[in-house]
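**Q** Residues in the sequence shown are numbered from 1 upward in steps of one, following full-length UniProt numbering.
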Amino acid sequence: MENSPHLRTVNVTRYITPLREGGSLPALAEADDDFKYVLKFKGAGHGVKALIAELIGGEIARVLKLKIPELVYANLDEAFGRTEADEEIQDLLQGSQGLNLALHFLSGAINYDPVVTVVDSKLASQVVWLDAYITNVDRTFRNTNMLMWHKELWLIDHGACLYFHHSWTNWEKQAQSPFALIKDHVLLPQASLLKETDVLFKNILTKEVLQSIVNLIPEEWLKWEDSEDAPEALRAIYLRFLLIRLNHSEIFINEAQNARETLI
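1. Exposed or buried, I16, counting other C-beta atoms within 10 Å across all chains shown (16 or more means buried)?
2. Under the DSSP definition of a beta bridge, which residues are partnered with G98?
3. Could you tell me the distance, in whole angstroms, from the CA atom of R8 to the CA atom of I264?
4. When you compare each of L76, S125, A50 and I110 to Q94 by their alpha carbons, which one comes out closest?
5. Excluding the five sequence neighbours on either side, which residues of its own chain have a C-beta within less than 8 Å of the C-beta of S96, listed in chain order?
6. Applying the criterion that 16 or more other CB atoms from any shown protein chain within 10 Å of the CB defines a buried residue, is H158 buried or exposed?
7. Any contact of the stretch 103–110 with the stretch 222–229, i.e. 3+ C-beta pairs under 8 Å?
8. How long is the line joining the alpha carbons of A132 and F179, rounded to whole angstroms?
9. Give the DSSP-derived three-state secondary structure of A109 in the structure shown.
10. Alpha carbon to alpha carbon, how far is L51 from W224?
11. Using only alpha-carbon positions, find the residue among R14, E54, P26 and L25 that is nearest to F35.
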């Protein structure tokens, strides 16, 4: 399939420093390809579900041709971190053996500041549409989760999206939710082309494309203590959630448009 999602696998060779501004304690690390990455750990607070959200949200953004740092599977050897002096970090590393997820580190990037940089209506509408679709609660004025790199806007940190999977109940109902939290989106005031974006993006996100993204979830991330469902059954629910939400996109589009009208 053209533009079919694919992730490389790297081996983490050096833990550089924790990035303590993140609630899940991500880290800057180096891998065996000599690149630096922002490493997200499966042993952190929300566990593998945050990595699944990061993977699905990020790869949907990439397929929609929004700029996002390359995502890679990041393997942590069982011996990694034994010499780490900080007990909290050592526990995190030991609890994250195996496959984790990492984003290519954009050296020199700065946090997006809406006061300094104005995003055009087309791009703003595309980002707002994405976040309403994947129920991303984490792109607000307080925490924009966007970077400016080489004068272009890059999206990061999608680990808080798809929050339905933390309860895994009434997921079909949640798939058709209006997503009221879109009212807090940092780019909502500029997002004047939501209906046009909806038409464009629904043509791109076919069932085959979404299936290929869901298939990227490693099996070891789909063995949940609180679920007896097999990995393939869990993947199927993620796919159905995304398809139902896409087929009822007018629900979250109308919510976003109504929220925007109260701002302008």
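Ideal placement from N, C-alpha and C gives every residue a C-beta, glycine not left out.
**A** Answer, in terms of the structure:
1. exposed
2. L76
3. 43 Å
4. L76
5. Only F41, K42, G43, A44 and L76 meet the Cβ criterion.
6. Flag for H158 reads buried.
7. no
8. 6 Å
9. A109: coil per DSSP, three-state reduction.
10. 13 Å
11. Selected option, being the one with the closest Cα: R14.
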